[in-house]
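Trainee:
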Amino acid sequence: MRARVLALATIGLAVVLCGGCGRHSTPNPTPNPTPNSAADPQARAQLLIESGNQAFVAGDFGLAARRYAAAAVIKKDDPAAYYGLGMALSKLGRDEDARAAYARARALSRR
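For the sequence shown, full-length UniProt numbering assigns the number 1 to the initial residue and increments by one for each residue that follows.
#1: Could you spell out where the alpha helix (DSSP H) holding K76 opens and where it closes?
#2: Mark S109 as exposed unless 16 or more other C-beta atoms lie within 10 angstroms of its C-beta, in which case mark it buried.
#3: Rounded to a whole number of angstroms, what is the C-alpha to C-alpha distance between F56 and I74?
#4: Once the 5 residues before and after Y83 are set aside, which same chain residues still bring their CB inside 6 Å of it?
#5: For L85, which three-state DSSP category applies?
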């Protein structure tokens, strides 16, 4: 379990650090949710997931992956964050990382 958490944290960090690698340009980029836009972590994570969804629909998969990864760091038990991360990573061609994120989403949804 600890190794899995460490692996997912590493994936999240890699997404954040390499996020610009697969970035697509969008005419109206999704605004950054600011720390003041959500007082509690649950609401902040939800805002990040929604922002990730908007970026994904706009075709900005790098930004979407960063948003989902940030949400997963805040709310480690949210399958939606990991599922979104898996979708974005898949679109970026990072299939192994996407499979790990999907597996985490599946495990969390079975709880």
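We put the beta carbon where it would ideally sit given N, CA and C, even for glycine.
Mentor: Taking the coordinates as given:
#1: Counting along the chain, K76 falls outside any alpha helix (DSSP H), and DSSP gives it neither H nor E.
#2: exposed
#3: 20 Å
#4: A105
#5: helix
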